[in-house]
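Since the structure comes first, as structure tokens, the remarks are kept for the end.
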Amino acid sequence: MYREKSKYSKLEGPLSNVNLNLTSARNQILFSILGKPRIDGMYGEKDGPLNNPQLEKLMVRGVDVGPFKVNGLGLAVESLKTVMADISKQHKDIYDRLSQEGMLVVRYQRPTAKKPIGCPNRPISNHSWGTAIDLKIDGLLDGRGDNKSQHALNVIAPIFNKYKWYWGGTFPTEDSMHFEVSKEKLLEWHNAGLLGPISKRLPEAKIPETTRPASTSSSSRHRSMFDWLQKGDRGPKVVQLQKALKSRGYNLKSDGVFGKKTETALQDFQRKQGLPDNGIVGPKAAAYLLFF
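Below, the structure is given as structure tokens:
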């Protein structure tokens, strides 16, 4: 295993033209689809075990995905195999330098300035469901929150995006070593009934998914960008939503984070248009934002 810096682990600015049409999967979606990683609801700062028997049935352990072995959600691990095979084909030099820092680890998200240790309602890490992985280049971890990315991570991020994995390099607190199954991919698996007993147990809880429009007209393309966004989502789609609200006179930052201010602005807009003020962007809200 490499332990010395090379051009591949050299730091540079993270890519910006990534995660297009992909959304980070928030806790609300993961709870809805997969349930609680721990049935006792007890999480900590350190990596802990999974203790939900139903969720455990969907996990695989010690699976070789190419450059290393992982534990994680079975579908995520199979997808990761495909990603790694593509990286090997396109960038064998990078593939040979890849290692990992963990995929299935049950804990809180790492603390940030806005959500420090002890903060109430602190999010759980996506690693807790085995749907995220942290990668090392040359055996070295990319530092979190410095707005820098190892060169190799910039190179392979678009490949992860190709298979609907979201890259942490664009998080508000940059986390370039982190890759996670996107909200869109999780919904695809869920709505296809591929998540075993969990999907089959909750047919009434089918979650709306943004679908690709049959038409290639401008209006159809734009409408699909906004469907089913809600508080907690983040990414390029949220930026487009915020820009649409700003064009309507709302004082918002186009930061790609669907927080309280974005929700409040959206609810006000919905009320003014005679729509349910639920703070969720569905097809009707999207149409009113764009065409009325």
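Residue numbers for the sequence shown, in UniProt numbering: 1 to 292. Cβ coordinates follow ideal geometry from the N, Cα and C atoms, glycine included.
Between residue i and residue j, how many whole angstroms is the CB-CB distance? I'm expecting something under 8 Å.
| i | j | result |
| --- | --- | --- |
| Lys231 | Phe258 | 5 Å |
| Ala192 | Gly130 | That belief does not hold up - the Cβ atoms of Ala192 and Gly130 are roughly 19 Å apart, past 8 Å. |
| Ser32 | Tyr166 | Not really, about 17 Å apart at Cβ, beyond 8 Å. |
| Asp138 | Lys5 | 6 Å |
| Ser254 | Lys237 | The pair is not a contact, with the Cβ atoms about 12 Å apart (cut-off 8 Å). |
| Asn154 | Pro53 | Actually they do not touch by this definition, with Cβ atoms about 40 Å apart. |
Determine which residues share a DSSP beta bridge with residue i and list them.
| i | result |
| --- | --- |
| Asp64 | Lys69 |
| Phe160 | Answer by DSSP bridge pairing: none, since Phe160 is not bridged. |
| His178 | Asp134 |
| Ser99 | Lys136 |
| Gln150 | Leu11 |
| Val18 | Beta-bridge pairing links Val18 to no other residue. |
| Gly48 | Val106 |
| Ile124 | Tyr108 |
| Met59 | Leu73 |
| Val281 | Leu229 |
| Trp167 | Phe179 |
| Val257 | Arg234 |
| Leu141 | Lys136 |
By how many angstroms is the C-alpha of residue j removed from the C-alpha of residue i?
| i | j | result |
| --- | --- | --- |
| Ala113 | Cys119 | 10 Å |
| Asn17 | Thr170 | 9 Å |
| Gly35 | Pro49 | 15 Å |
| Lys267 | Lys46 | Inspection of the sequence shows that residue 267 is occupied by Gln rather than by Lys. Each residue's Cα considered, the two are about 38 Å apart. |
| Gln240 | Asn251 | 14 Å |
| Gly282 | Leu275 | 11 Å |
| Asn27 | Leu80 | 21 Å |
| Lys148 | Lys272 | 42 Å |
| Asn43 | Leu55 | In the sequence as displayed, the identity of residue 43 is Tyr instead of Asn. Looking at the two C-alpha atoms, the distance is approximately 16 Å. |
| Lys246 | Ala286 | 14 Å |
| Lys83 | Lys260 | Strictly speaking, residue 83 in this sequence is Val, with Lys absent from that position. Using only the alpha carbons, I get a separation of about 35 Å. |
| Pro37 | Asn19 | 26 Å |
| Leu140 | Arg248 | 46 Å |
| Asn121 | Glu188 | 27 Å |
| Leu11 | Pro172 | 18 Å |
| Lys164 | Lys185 | 6 Å |
| Thr262 | Asp277 | 13 Å |
| Gly256 | Gly168 | 13 Å |
| Leu229 | Ala132 | 21 Å |
| Phe269 | Gln90 | 46 Å |
| Met103 | Leu289 | 39 Å |
| Glu101 | Asp142 | 11 Å |
| Leu194 | Glu78 | 13 Å |
| Gly66 | Lys57 | 23 Å |
So, residue i versus residue j, is the Cβ gap smaller than 8 Å?
| i | j | result |
| --- | --- | --- |
| Gly145 | Glu180 | no |
| Met59 | Asn71 | yes |
| Ser125 | Arg97 | no |
| His151 | Tyr8 | yes |
| Met177 | Lys136 | yes |
| Ile29 | Lys183 | yes |
| Ser88 | Phe68 | no |
| Ile94 | Ile156 | yes |
| residue 368 | Leu22 | A query on residue 368 cannot be resolved here, the shown segment of the chain reaching from 1 to 292 and no further. |
| Asp86 | Ile159 | yes |
| Ile117 | Pro111 | yes |
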